[in-house]
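Numbering (UniProt numbering), first residue to last: 3 to 451. Positions of the beta carbon are idealized from the N, C-alpha and C atoms, including for glycine. Encoded as structure tokens, the structure appears first; notes follow it.
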Amino acid sequence: PTKVTKICCIGAGYVGGPTCAVIALKCPHITVTIVDLNQSRIDAWNSPDFQLPIFEPGLEDVVRQCRDRNLFFSTDVDKGIRDAELIFVSVNTPTKKTGVGAGSAADLNNVERATRRIAAMSTTSKIVVEKSTVPCRTAESMRTILEANSKPNCRFDILSNPEFLAEGTAIADLYNPDRVLIGSLQTPEGLDACESLKGVYANWVPSEHILTVGLWSSELTKLAANAMLAQRISSINALSAICEATGANIDEVAHAVGTDSRLGPKFLKASVGFGGSCFQKDILNLVYLSESLHLNEVAKYWRGVVDMNEWQKRRFGQKVVKELFGTITGKRIAVLGFAFKADTGDTRESAAITLIRDFQSERALVNVYDPQVPQEQIWQDLQEASPSSSLDTIQKHVTVSPSAISALYKSMNKPAFVFDGRLVFGNTERERLANIGFKVISIGRGDSI
Ligand code: NAD
């Protein structure tokens, strides 16, 4: 197998950036170049004061150690491709908005463009690694495109190496992954390429954590893992509605359920619903795949996970209206947190967007506070969520606050409410808020105080 010394990563986003920065840190003998067409993103990665384009705990420290040593960021995609022995394709694969499969299929345009660029620019053989989350058998399309456009004496070996990091804990996840999954063709060349990539991860990941499988299993595993994670959230959220109606407490139920060693304690936190760029997109991708294979019952099963999530988001908004005496018109509501979860500035599919849009349609006045999300991002997301409203109209109802304190009890109309859509308040915090005078309503608890 080739001993890799030069890596290029196409796509300097939430996955490409942290993943390849950690590879550079752990493999000082490998030169890693991350390329992207987006000039402002690359400029931010290269900014002298390390104002990186994404917020991720620990990331800045890694970039500070490696940048301009063996880690480089560039918009020169072609040079990046030419110089590399191994290329990660880590471009975004969002849900298609129009055309066949609109609303569920993955848009593979970026993957195809990157693949064609690799074919056009390569003058030596390459290992091409699919890092983006893609539908099953995408590697086959990539191979066909590469082989149809390759120069003589250039061979391409394609691997699937899906990324399992979670935003907010990306660096810790990359340092210490539950597993690294590599899929390859089971041919001598495919297995050789697999060994080469394994050699990169082996610099810090114990070999028993590196799983090697066939290409299609690897591609499907990523969709399966996200679908099953999201399904746990939808399951606990479905139970949270029963708790609210019966007086049971979802935290107690989740804890007790999670002590069963077959189930485990993680990912059992009820909430206002999951967000983020992956769960919904990947489940819909699985739904589309199932439908294409005429597996309608399978498609229906997984779609239920997304439907439950949509219902949970709507239900939380409706609960707020109900508790505030049936109307929130003209009432001021502070929304703390706009990103899709803690420790990230990523707002893609954030439940906060849906909530604020629903509050707006009830003509409430909303104050948003999130220390990690720039104002312009908030306006852009809210505008996309309500295409029929002008930005002016949105800004009449929504204010972005510079601090959480601006929404203090004293200045609020009474009774004043706190709605906990993330179960961030345990019994002690709930009591403290209640002592200040707040009425505290938490998802999954029938016992508001
Ligand atoms: P992102 O939007 O943050 O980054 C993708 C980058 O690719 C963008 O900066 C874009 O400009 C660039 N790009 C697109 N087409 C290009 C091209 N042809 N040439 C050069 N650059 C190009 O996306 P992301 O969140 O990093 O996700 C990337 C992939 O990884 C997706 O398939 C996603 O499903 C998957 N994934 C994401 C996560 C996550 O937590 N975000 C986790 C695991 C897997």
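When you measure from the CB of residue i to every non-hydrogen atom of the ligand NAD, does any distance come out below 7 Å?
i: I451; result: no
i: C22; result: no
i: R139; result: no
i: V93; result: yes
i: G18; result: yes
i: C11; result: no
i: E165; result: yes
i: K133; result: yes
i: N311; result: no
i: G347; result: no
i: E169; result: yes
i: G15; result: yes
i: L270; result: no
i: D422; result: no
i: V34; result: no
i: L291; result: no
i: C245; result: no
i: C280; result: yes
i: A387; result: no
i: L39; result: yes
i: N112; result: yes
i: A226; result: no
i: V259; result: no
i: A107; result: no
i: A116; result: yes
i: R43; result: yes
i: V308; result: no
i: V79; result: yes
What residue from the options has the CA that sits closest to residue i's CA?
i: L73; options: N94, H31 and F57; result: H31
i: D63; options: G105, A174 and T126; result: A174
i: V17; options: A418, E87, V91 and T7; result: V91
i: P164; options: W218, K99 and T146; result: W218
i: F342; options: L367, G328, T117 and D372; result: D372
i: G328; options: F340, F361 and H296; result: F361
i: H211; options: T126, P190, I184 and T223; result: I184
i: P179; options: V289, L193, N205 and C156; result: N205
i: W301; options: V289, V308, D309 and L270; result: According to the sequence shown, residue 301 is Ala rather than Trp. Residue V289 is the option with its Cα nearest to A301.
i: S236; options: K5, V202 and R305; result: R305
i: T331; options: T140, T126, S403 and K398; result: K398
i: C196; options: L213, S127, S106 and R181; result: L213
i: F57; options: P20, G428 and V113; result: P20
i: G201; options: T4, L435, A418 and M414; result: T4
i: V375; options: F340, G192, S363 and P208; result: F340
i: A86; options: A23, I36 and S162; result: I36
i: D38; options: R434, V24, Q53 and I89; result: I89
i: F166; options: K153, R181, R157 and S76; result: R181
i: N48; options: R157, E378 and S76; result: S76
i: E246; options: N437, S450 and L222; result: S450
i: E149; options: S127, E132, V136 and A168; result: S127
i: T189; options: V307, G216 and Y177; result: G216
i: T171; options: D348, L265, E378 and E364; result: D348
i: V400; options: Q41, V337, V207 and K99; result: V337
i: T344; options: A23, Q53, P59 and A46; result: For the sequence presented, residue 344 should be read as Ala rather than Thr. For A344, the nearest C-alpha among the options comes from P59.
i: S294; options: P267, N40, S106 and Q67; result: S106
i: L176; options: K412, R432 and I25; result: I25
How many whole angstroms separate the CB atoms of residue i and residue j, which I take to be in contact at a CB cut-off of 8 Å?
i: S134; j: T95; result: 5 Å
i: R145; j: I160; result: 5 Å
i: K416; j: A366; result: Actually they are not in contact, since the Cβ atoms of K416 and A366 sit about 17 Å apart, beyond 8 Å.
i: C138; j: L291; result: 6 Å
i: N287; j: A116; result: Actually they do not touch by this definition, with Cβ atoms about 18 Å apart.
i: V368; j: I358; result: 5 Å
i: E221; j: V136; result: 6 Å
i: I238; j: K268; result: 11 Å between Cβ atoms; not a contact.
Check: Pairing CB atoms from the region 320-340 with CB atoms from the region 255-271, are three or more of them under 8 Å?
Finding: no
Notebook entry, point to check: Does the pairing of the region 121-128 with the region 71-85 give three or more beta-carbon distances under 8 Å?
Noted result: yes
Next item on the list: Check whether the region 348-357 touches the region 306-318, counting contact only when three or more Cβ pairs, one atom from each stretch, lie closer than 8 Å.
Entry: yes
Check: How about the region 239-248 and the region 428-447: do they share at least three Cβ pairs that are nearer than 8 Å?
Finding: The region 239-248 vs the region 428-447: in contact.
Note to self: Within 8 Å, do at least three Cβ pairs link the region 223-233 to the region 280-291?
What the structure shows: yes
Checklist line | the region 28-48 touching the region 6-13, judged by at least three CB pairs closer than 8 Å | finding: Touching, yes.
Check: How do the region 420-428 and the region 266-275 stand: do at least 3 beta-carbon pairs fall below 8 Å, yes or no?
Finding: yes
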